[in-house]
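Engineer: Can you keep this structure in mind? I'll have questions shortly.
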Amino acid sequence: MSEESKDGADVTSTPVYLKVYDLSHGMASKISMPLLGFQMDGLWHTSIAVFGNEYLFGQGISYCSEARCEEMTNLPLVRKILLGETSITKEVFHEYIDSLKVTFSPESYHLLRWNCNHFTNTAADFLTGTGIPDEYVKMIERIEQSPSGKVVLGLIEVRVDAYNAHVILEILQSRPQLFLGSHGSVISSDVGPSLDED
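Counting from 130, one number per residue, gives the positions in the sequence shown under my numbering.
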């Protein structure tokens, strides 16, 4: 869609999407009620889709084409939600997220406290003026409020840390070129450009 700015120049609007994946592969919807006392449809991983790319946070901020990200994520895509439109250009957005690389560094990532959902919320707010729904951003706080929530989160953290250590070791041995970026950013032709390369 194209609009006219105050100075008469055309301003192009680009749709901005929230992509929602289920880290639990369907298990959260089956066990949340008996375990937590409320229904959770998934354990959410989110990203922003805009300009034909998908932007996410894990080992730093990275992006790739939507199709490639879906393939690499290896998680079921549960929802793709139109958040609105943006008149911000891709170049301005890249400058903005480049300014966030310390805030959203690999070292700052924490599965429960500072994760993909926090980055997605920040990016959505910049692009559209509104963050993502609380269902995703405040998911962990909601779990913690249940009687057994802290125990469940502790178990999730231990399991994921053990799994991640195993997977990272496997990847390092088979594809070391994926870990060549500064600040731990994933840089590879398989993944797409790192923000450090722009």
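All C-beta atoms in this analysis are idealised placements derived from N, C-alpha and C, irrespective of residue type, glycine included.
In the DSSP assignment, the beta strand (DSSP E) including residue 244 goes from what residue to what residue?
Structural biologist: Element bounds for residue 244: n/a, residue is neither H nor E.
Engineer: Let me confirm a value: residue 257 is counted as buried when at least 16 other C-beta atoms fall within 10 Å, else exposed. Which label applies?
Structural biologist: Answer is buried; the Cβ neighbour count reaches 16.
Engineer: Return the chain-ordered ranges of every beta strand (DSSP E) run that is complete within the stretch 163-235 and spans a minimum of 3 residues.
Structural biologist: 173-179, 182-187, 189-194 and 206-215, all fully within the stretch 163-235.
Engineer: The ligand GDP and residue 204: does any heavy atom of the ligand fall closer than 7 Å to the residue's C-beta?
Structural biologist: Judged by which ligands are present, the structure shown has none, so any question about the ligand GDP falls away.
Engineer: Since residue 149 and residue 231 should fall inside the 8 Å C-beta cutoff, what is the C-beta to C-beta distance between them, to a whole number of angstroms?
Structural biologist: About 27 Å; that fails the 8 Å criterion.
Engineer: So, residue 212 versus residue 198, is the Cβ gap smaller than 8 Å?
Structural biologist: For residue 212 and residue 198, no; Cβs fall outside 8 Å.
Engineer: Beta carbon of residue 272, beta carbon of residue 284: below 8 Å?
Structural biologist: Going by C-beta atoms, residue 272 is not nearer than 8 Å to residue 284.
Engineer: Which whole-angstrom value is the C-beta distance of residue 189 and residue 235, which I expect to be below 8 Å?
Structural biologist: About 5 Å separates the two Cβ atoms, so the contact holds.
Engineer: Roughly how many angstroms lie between the CA atoms of residue 161 and residue 250, to the nearest whole one?
Structural biologist: Roughly 24 Å separates the two Cα atoms.
Engineer: Taking only three categories from DSSP, how would you classify residue 159?
Structural biologist: It is helical.
Engineer: For the beta strand (DSSP E) holding residue 146, just list the boundary residues, first then last.
Structural biologist: Residue 146 -> beta strand (DSSP E) spans 143-151.
Engineer: Restricting to Cα atoms, I'd like to know which of 156, 175, 192 and 241 is closest to residue 270.
Structural biologist: Residue 241 is the option with its Cα nearest to residue 270.
Engineer: Identify, in the order they occur along the chain, each residue of the same chain with its Cβ nearer than 6 Å to the Cβ of residue 214, setting aside the five sequence neighbours on each side.
Structural biologist: Closer than 6 Å at Cβ, skipping near neighbours: 142 and 144.
Engineer: Whole angstroms are fine: how far does the CA of residue 200 sit from the CA of residue 167?
Structural biologist: Those two C-alpha atoms are separated by around 31 Å.
Engineer: What's the C-alpha gap between residue 245 and residue 172?
Structural biologist: Distance between the alpha carbons of residue 245 and residue 172 is about 12 Å.
Engineer: Measure the alpha-carbon distance for residue 323 versus residue 165 and round it to whole angstroms.
Structural biologist: Bear in mind that a pLDDT of 46 at residue 323, under 50, signals an unreliable position, so the number given afterwards is only what the model happens to contain. In a straight line, the C-alpha of residue 323 is about 39 Å away from that of residue 165.
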